[in-house]
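Notes for the one structure printed next.
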Amino acid sequence: MKNFKTKYGHFSKDGKEYVITTPRTPRPWINVISNGDYGITVSQTGGGYSWRTHAQLNRLTRWDQDLIKDEWGKYIYLRDEKGNVWSAGWKPVCNKPDFYECRHGVGYSVITSKNFGIETELMMFLPNADPVEIWKLTIRNRSKKSRAINIYSFFEWALGQSPDWHREFHKSFIETDYDSKSHSILATKRLWEVPTDRGHWNTNWPYVAFHSSSLTPISFDTNKETFLGMYGSQAMPAGVSKKTLDKKKGNWLDHIASLQNVINLKPNEEKTIIFNVGCADSKEQAIQLAKKYHSAENVESAFVQMQERWNQMLNTVEVSTPDDSMNLMENTWLKYQAISGRIWGRTAYYQTGGAFGFRDQLQDSQIWLMIDPIRTKNQLHLHARHQFNDGTVYHWWHPMSEIGLRNQIMDNLLWMPFVMNAYLQETKNYSILDEAEPFVDNITPESMYAHCTKAIDKSLERFSSRGLPLIGSGDWNDGLSAVGLDMKGESIWLGHFIHRILLDFSSIAKRRNDANVAERYSSKAKVLKETLNTIGWDGDYYFGATKDSGVKIGSKENSEGSVWLNPQTWAIIGQVSDSARSEKIMDIVEQKLEKEIGTLLLYPAYKTPDKNVGYLTRYSPGMRENGGVYTHGATWSVIAAAMLGRGETAYRFYSKLNPINRGKNPDKYVAEPYVTSGNIEGPNSKYFGRGGWTWYSGSAAWLFKVGLEWILGVRATENGLQIDPCIPSAWKGFNVKRTFRGAVYNIEVKNPDHVQCGIKELWVDGQRHCMTKGPREKIIPSFEQGTSHTVVAILG
Ligand code: GLC
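Residues 4 to 799 (our numbering) make up the sequence shown, in order.
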């Protein structure tokens, strides 16, 4: 396997680690590690922060967003007998190391460096089920003399909402203590920024935070003033040159945590010290967890269990294609990003969050379909509980406080029926539709089917007099925030999206013998299709929207933003365009929107802010939704191309989005090459090709899905597993291992005639499979759970 080496790093041999070989990457290159509740971010310089359950409302350690400085972290300082000082993670001291390497892996990061003859290996990870992070620091004496090394940990307590912009206010409520038996600094706060039934912000932060070390510290400090020094700095704190720290604790401080340990090492001797940071429910639990993870055996077994859990999740789908960069992303990194970053962590460096986006995490939860579909089901239930009785939903809501935002963005509610359909295709588990959930404003539970139809029916009410869906303050594209504020403007993309959902849900209704709904949805779909194809057609392609004034945007009549991507790709995905139009609009996408970095969301970018379009037009031209490659939206162009049988095109679109390919020019792309970015700047930007907003992007789950389902063509359908590859003709073949309804399918695809799509022979467990359907409609039935099957598909 290729390792895609650049001057900043490369993948490990098995592809499961990204190895950064210099701390000076063009931007922070981070890992977002979460166990589903507790989480940490770690940058290649040792920067980052910790949280439990909610990265914004329940932040443990302070951190401020600054992608250039990256100067907030949980740090370890080392001082030798001569007074040389350095950090285990490079920052904040930034000594020039003799060796440095940061390995970001699945569920852990390790920073190894060598300074002044001492090698340190700092491994950070989280056990599967405890709200705690482990920092295992191994120190090796590589010099010829015996050494005495002082080790100081350091970070600042946040304990609640972050950023705590009014620190002088917030620090008044924090209290620290030291428990010498468990070597733990304990921290509590008597205020939490979560409203209670008796008033706003009048409750304790309900946790006890702790920081401890396996060795007995010789001293500690929880006071920023004595540790850093009034005129000290993070790079050279006053405390690090003191013989022992000041042991300040209690109230009235600016609270930090620092433990001082001393390690003596003979030449070539190595010792390990384990630090932990955690967020317990009580003081007893804090002490118990601190002690539990002082034990090297407990830490070792927690690490092994963590790896087993990730392997289990990632190994349910494995691909082997002629493209190593695709294999790396599909087998490891996209799934990891979607689960650890987007669903569990819901935070990163460019966007620190914690909330659930109604449409965002529902789309992300499609990643679970092939891994553990119950989790998609749980996500559907969670979102159903955040729907209102009239069918509308929160745009986002905060777990813990349950505060949410309602707005006039029109597509949010429809992602529930959309993902429900995907869940049903995968599992055929129709009983979910009869499971009941309440609404935000109605405690009487109703079926999930009712939740979905309420969403669809609400959308059908919000149509213009000429039969197109209203755009309100946005469709999928949040940046179109002012197009239809007067509830007159219309969205063509939303029409295509609704059409898709009407087709899917009329079949679901039919299956439930709900003939009225089935009929209503299919006749509505017919009329909508007709309207989209008459009013929505701009001559050569579909325009984007109409403003409240009736003026078209995303149209050839406009000089800026004259062609949009989503109304083209979804005309195909939503089965709105006939085949002649589909070919035509895909030509337009290839000619006008495809650039070397992927498919642009629109072109050309808006240069002048338009208050009747929205904040999209206020971004610098070429950035994000304003004429950049908005990677989440761009993944849909892969589906559209594959649906038309354009294998070369689908693969090209995919490859351009693949961060490994973008990252081959790291000084231009700047972002991490192992996870997707949210956006890549378009040709109207001076920084054409620069990536940003990494990790926290809906593109991760979608890129995985389009790669597996539409390029490799292995996708779930009601009647079984469909095999419909759409690949570049140069490929000789590929393999996919995938679990489907409890059975394992080992699929080999051969392409002796070098075609792009179409199956001429299909063999299942050595038997020729019946070939009644067309070359692109081959479906293998589902098998008994626990069985394993071989499938050979010959294209041609
Ligand atoms: C952001 C939002 C997402 C939206 C997209 C496009 O990523 O989180 O919900 O669809 O922007 O504007």
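For every residue, glycine included, the Cβ atom is placed at its ideal position computed from N, Cα and C. As the structure is a prediction and not an experimental result, all values here were calculated from the model.
Any heavy atom of the ligand GLC within a distance shorter than 8 angstroms of the CB on Glu684?
Taking the sequence shown and counting its residues from 1, the one referred to as residue 684 is at position 681. It does not: the Cβ of Glu684 is nowhere closer than 8 angstroms to a heavy atom of the ligand GLC.
Do Ala674 and Cys729 have their C-beta atoms within less than 9 angstroms of each other?
Residue mapping note: residue 674 aligns to position 671 of the sequence shown, counting from 1. Residue mapping note: residue 729 aligns to position 726 of the sequence shown, counting from 1. For Ala674 and Cys729, no; Cβs fall outside 9 angstroms.
If you measure from the CB of Asn87, is any heavy atom of the ligand GLC nearer than 8 angstroms?
Within the sequence shown, residue 87 is the residue found at index 84, counting from 1. Checking every heavy atom of the ligand GLC against the Cβ of Asn87, none is found closer than 8 angstroms.
Can you tell which of Lys147, Ile152 and Glu196 has the C-alpha that lies nearest to the C-alpha of Trp168?
Looking up residue 168 in the sequence shown gives position 165. Nearest of Lys147, Ile152 and Glu196 to Trp168, Cα basis: Glu196.
Which term fits Gln47, buried or exposed, when burial requires 16 or more other beta carbons within 10 angstroms of its beta carbon?
The count along the sequence shown starts at 1 and reaches residue 47 at position 44. The residue is buried, with at least 16 neighbouring Cβ atoms inside 10 Å.
Could you tell me if Met233 is buried or exposed, where buried requires 16 or more neighbouring beta carbons within 10 angstroms of its beta carbon?
What you label residue 233 is simply residue 230 of the sequence shown in a count that begins at 1. Exposed, because fewer than 16 other Cβ atoms sit within 10 Å of the Cβ of Met233.
Following a CB-centred definition, is Asp363 positioned closer than 8 angstroms to any heavy atom of the ligand MN?
No copy of the ligand MN occurs in the structure displayed; its ligands are the ligand GLC alone.
Residues bridged to Cys97 by DSSP?
Within the sequence shown, numbered from 1, the residue matching residue 97 stands at position 94. None; Cys97 has no bridge partner.
Give every residue of the same chain whose Cβ lies closer than 7 angstroms to the Cβ of Thr199, excluding the five residues on either side of it in the sequence, and list them in chain order.
Locating residue 199 in the sequence shown gives position 196, where the first residue counts as 1. Counting only Cβ-Cβ distances below 7 angstroms, and skipping sequence neighbours, we find Asn205 and Thr206.
Beta-bridge pairing of Ala151 - partner residues as DSSP gives them:
Taking the sequence shown and counting its residues from 1, the one referred to as residue 151 is at position 148. In the DSSP output, where bridge partners are listed per residue, Ala151 has Asn267.
Secondary structure at Lys19, three-state DSSP: helix, strand or coil?
As a working note, residue 19 is residue 16 in the sequence shown. In this structure, Lys19 counts as coil in the three-state DSSP scheme.
Rounded to whole angstroms, what is the Cα-Cα separation between Val322 and Trp208?
Your numbering for residue 322 matches position 319 in the sequence shown. Your numbering for residue 208 matches position 205 in the sequence shown. Rounded to whole angstroms, Val322 to Trp208 spans 46 angstroms at the Cα level.
Would you call the stretch 752–764 and the stretch 347–354 touching, i.e. three or more CB-CB distances under 8 angstroms?
no
Mind pulling the beta strand (DSSP E) runs of 3 or more residues that sit fully within the stretch 296–352?
320–323
Contact under 9 angstroms by Cβ, Val280 with Phe102:
For the purposes of this step, residue 280 is taken as residue 277 along the sequence shown, with counting starting at 1. For the purposes of this step, residue 102 is taken as residue 99 along the sequence shown, with counting starting at 1. Taking 9 angstroms as the Cβ cut-off, Val280 and Phe102 do not qualify as a contacting pair.
How many whole angstroms separate the CB atoms of Gly789 and Gly723, which I take to be in contact at a CB cut-off of 8 angstroms?
Walking along the sequence shown from the start, residue 789 turns up at place 786. Walking along the sequence shown from the start, residue 723 turns up at place 720. Their Cβ separation, rounded to whole angstroms, is 17 angstroms, which puts Gly789 and Gly723 out of contact at 8 angstroms.
How big is the Cα-Cα spacing for Val109 and Ser37?
In the sequence shown, counting from the first residue as 1, residue 109 sits at position 106. In the sequence shown, counting from the first residue as 1, residue 37 sits at position 34. Between Val109 and Ser37, the C-alpha separation is close to 10 angstroms.
Alpha helix (DSSP H) containing Thr25: first to last residue?
As a first step, residue 25 is located in the sequence shown; it is residue number 22 there, counting from the start. No alpha helix (DSSP H) contains Thr25, which DSSP labels as neither H nor E.
Which first and last residues belong to the beta strand (DSSP E) in which Asn738 is found?
Counting from 1 along the sequence shown, the entry for residue 738 is found at position 735. Start and end: Gly736 to Phe743.
For the ligand GLC, is there any heavy atom lying closer than 8 angstroms to the beta carbon of Asn480?
Your numbering for residue 480 matches position 477 in the sequence shown. Yes.
Quick check: Arg584 and Asn536, are their CB atoms within less than 9 angstroms of each other?
Translated into the one-based positions of the sequence shown, residue 584 becomes position 581. Translated into the one-based positions of the sequence shown, residue 536 becomes position 533. The answer is yes: Cβ separation under 9 angstroms.
Trp54 - containing beta strand (DSSP E), residue span
Counting from 1 along the sequence shown, the entry for residue 54 is found at position 51. Counting along the chain, the beta strand (DSSP E) containing Trp54 begins and ends at Ser53 to Arg55.
Quick one: measure Cβ to Cβ for Trp766 and Val795, integer angstroms, because I've assumed they're closer than 8 angstroms.
Taking the first residue of the sequence shown as position 1, residue 766 is located at position 763. Taking the first residue of the sequence shown as position 1, residue 795 is located at position 792. Contact holds; Cβ gap of about 4 angstroms.
Candidates His792, His757 and Pro778: closest to Gln770 by CA position:
As a first step, residue 770 must be located in the sequence shown, where it is residue number 767. For the residues His792, His757 and Pro778, the minimum Cα distance to Gln770 belongs to His792.
Using a Cβ-Cβ cutoff of less than 8 angstroms, which residues in the same chain neighbour Asn664 once the five nearest sequence positions on both sides are dropped?
Residue 664 sits at position 661 when you count from the first residue of the sequence shown. Cβ neighbours of Asn664 beyond the five flanking positions: Ser328 and Ser658.
Do you know how far the Cα of Gly681 is from the Cα of Trp371?
Your numbering for residue 371 matches position 368 in the sequence shown. Your numbering for residue 681 matches position 678 in the sequence shown. Rounded to whole angstroms, Trp371 to Gly681 spans 21 angstroms at the Cα level.
Within the stretch 641–702, note down every full alpha helix (DSSP H) run reaching 4 residues or more, in order along the chain.
650–660, 662–665 and 669–672
CA-to-CA distance, Ser484 to Leu605, given in whole angstroms
Mapped onto the sequence shown, residue 605 falls at position 602. Mapped onto the sequence shown, residue 484 falls at position 481. Looking at the two C-alpha atoms, the distance is approximately 16 angstroms.
I'd like to know if the stretch 114–124 and the stretch 86–106 are in contact, where contact means that at least 3 CB-CB pairs between them fall below 8 angstroms.
yes
If you reduce the DSSP assignment to three classes, tell me which class His173 lands in.
Residue numbering aside, residue 173 sits at position 170 when the sequence shown is read from its first letter. Of the three classes helix, strand and coil, the one that applies to His173 here is helix, per DSSP.
Trp705 and Gln366 - do their beta-carbons sit closer together than 9 angstroms?
Within the sequence shown, residue 366 is the residue found at index 363, counting from 1. Within the sequence shown, residue 705 is the residue found at index 702, counting from 1. Yes, these two residues count as a Cβ contact at 9 angstroms.
C-alpha gap between Met332 and Pro31, whole angstroms:
For the purposes of this step, residue 332 is identified with residue 329 of the sequence shown, where counting begins at 1. For the purposes of this step, residue 31 is identified with residue 28 of the sequence shown, where counting begins at 1. Near 20 angstroms, if we compare the C-alpha coordinates of Pro31 and Met332.
My understanding is that Leu262 touches Phe230, with C-beta atoms under 8 angstroms, so please give their C-beta distance in whole angstroms.
To locate residue 262, count along the sequence shown from 1; it is residue 259. To locate residue 230, count along the sequence shown from 1; it is residue 227. The pair is not a contact, with the Cβ atoms about 11 angstroms apart (cut-off 8 angstroms).
Using a Cβ-Cβ cut-off of 8 angstroms (strictly less than) and excluding sequence neighbours within five positions of Ser146, which residues of its own chain qualify?
For this step, residue 146 is matched to residue 143 along the sequence shown. Closer than 8 angstroms at the Cβ level, and outside the excluded window around Ser146, lie Phe119, Gly120, Ile121 and Pro270.
Determine the closest residue to Gln310 out of Thr324, Tyr339, His297 and Ile474, with distance taken between C-alpha atoms.
On the sequence shown, residue 310 is found 307 positions in, with the first residue counted as 1. Per the Cα distances, Tyr339.
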